[in-house]
Each structure stands twice: as structure tokens, then as C-alpha cells.
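K.L.:
Adding 841 to a residue's 1-based position in the sequence shown gives its number in my numbering.
Quick one: the structure is below, and I'll ask about it shortly.
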Amino acid sequence: MEYPPDGAVTTMFELLQRGIWLTNNGDFIGEQTRNGTYKWMTYKEVYNASHKVGSALLQLGINAGEASRIGIAGPNSARYIIAQNALMNYSIVFVPLYHNYNMEILCTIIDRCNLELIFCDTVERANKFVAEIQQKKIKMLKKIIILKDEKEKIDREFCKHSEIEIYDWNYILELGNSNLKPVTPPSPSNIYIICHTSGTTG
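See below:
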């Protein structure tokens, strides 16, 4: 069955706002817990978290607008989607760093897209990027935000010698909450994503 396009939605930012309205702030993202049940976040909870994360990005020196690009590395998760929406809130271009790509390709994407900041799902993955920075295979990257709660695994000394700053998720939420910025949503003509694929997306 085909449905006509919804003229009320012209950007990815508006898609989330539309979801809040259509579902009366219903459940949006569910993640499976250890006991097999699902923990859900509503549309507004996702938006509020993304507002904080986006505000933190601006506080860290990232400019709103499509001249800025930020990568996200790792498999899909609730926090991955929150980070995505944080970029949409401020018209920042999203660059996926697919977890099944080899490091050489990821390094090329980071430098070609001039990514100064990326999100990583784990400290382990972040450390791989830091190692590439130490070997001068990545030139632009300066900041990494960890999605998972792994603050205790961050090696501050290792990062210091690599001239890279690594932030944990809760710090970013607190930073954004203390420095909330008005959102600057994209227009339909703005770039949403720069997607590097082998050509299999159709």
C-alpha cells in the first residue's frame, strides 16, 4: 500500500516533532535490558536529551550550521539516535562512521570530511582512533564523545599525549543542560548526511 507524502514534514528535524504530535508523546526508542524487557524513551525524552547534547556541542566550540560536520561511530543504539538528533537540532551535517568499515577507510572519511569531533560507542573503539592520531593517520580529529557509560575506562594520560579530548556521555548531558542553546533547525535545502558507501544503497 502506498501513502501520499506528508507535506507537514520537510526535514529530518520536523520528523521528530511530527512524531511527538502524532503519538501524543508516545514511546519512540526501546532498548532491551538484561532481563529481556524493553526500556522505552518517549519522543520528548529523546528530543530533550538531544537538545542537551546539541547544546554541549556548541559549548565545546562546534558551530551550528551545515559548515560543521560530526561523525558517529558504532552500531545503532538509543544514544546513537539521540546524537543524530542533536546534530539535526543545530543543522550540523551527520557523517556515519560504519562499525564494519576498516580503519583505513574511516581515517579517510574523517579527514576528507574535516571531522574535528566524533561520537564513539565505546572507549575501546575510541582508543583505536586515538592510536591512528598518534601515527599521524588522522589529522583533523580533536574531540571524542563516548556513548556508553565507560568513564572509568578512559585513559586520560593516553589522550593527553595524543592531544585528544575524550568526554563521557553524562558529562555532555550535564554540560548541555547547564548551557542550553536555542535550536537552529535546518531548512529543506540543508544537507542532512554525507554517506560513504560501496554503492549498494540503491
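Where is the CB? At the ideal position from N, CA and C, for every residue including glycine.
Predicted model only: the values in this text are computed from it and were never measured.
In this structure, does DSSP put Met-882 in helix, strand or coil?
P.N.:
Working through the sequence shown from its first residue, we reach residue 882 at position 41. Three-state result, Met-882: strand.
K.L.:
Using 10 angstroms around the beta-carbon of Met-929, count the other beta-carbons present and answer buried if the total reaches 16, otherwise exposed.
P.N.:
The sequence position of residue 929 within the sequence shown is 88, counting from 1. Buried is the call here.
K.L.:
Should Thr-1038 go down as buried or exposed, given a rule of 16 or more other Cβ atoms within 10 Å for buried?
P.N.:
Numbered from 1 along the sequence shown, position 197 holds the residue referred to as residue 1038. That one is exposed.
K.L.:
Whole-angstrom Cβ separation of Cys-948 and Glu-973, contact assumed at under 8 angstroms?
P.N.:
What you label residue 948 is simply residue 107 of the sequence shown in a count that begins at 1. What you label residue 973 is simply residue 132 of the sequence shown in a count that begins at 1. Right, their Cβ atoms sit about 5 angstroms apart.
K.L.:
Nearest to Thr-963 by alpha carbon, out of His-892, His-940, Met-944 and Lys-1022?
P.N.:
Residue 963 sits at position 122 when you count from the first residue of the sequence shown. Of His-892, His-940, Met-944 and Lys-1022, the residue nearest in Cα terms is His-940.
K.L.:
For Pro-1027, count neighbouring Cβ atoms within 10 angstroms of its own Cβ and tell me buried if that reaches 16, exposed if not.
P.N.:
Here residue 1027 corresponds to residue number 186 of the sequence shown, with the count starting at 1. So Pro-1027 counts as buried.
K.L.:
Can you tell me the Cα-Cα spacing of Met-981 and Arg-953, whole angstroms?
P.N.:
In the sequence shown, the residue the question calls residue 981 occupies position 140. In the sequence shown, the residue the question calls residue 953 occupies position 112. One C-alpha to the other measures close to 9 angstroms.
K.L.:
For the region 866-877 against the region 897-904, are there 3 or more C-beta pairs whose distance is under 8 angstroms?
P.N.:
No, the region 866-877 is not in contact with the region 897-904.
K.L.:
For Gln-976, count neighbouring Cβ atoms within 10 angstroms of its own Cβ and tell me buried if that reaches 16, exposed if not.
P.N.:
Against the sequence shown, residue 976 aligns to sequence position 135. That one is exposed.
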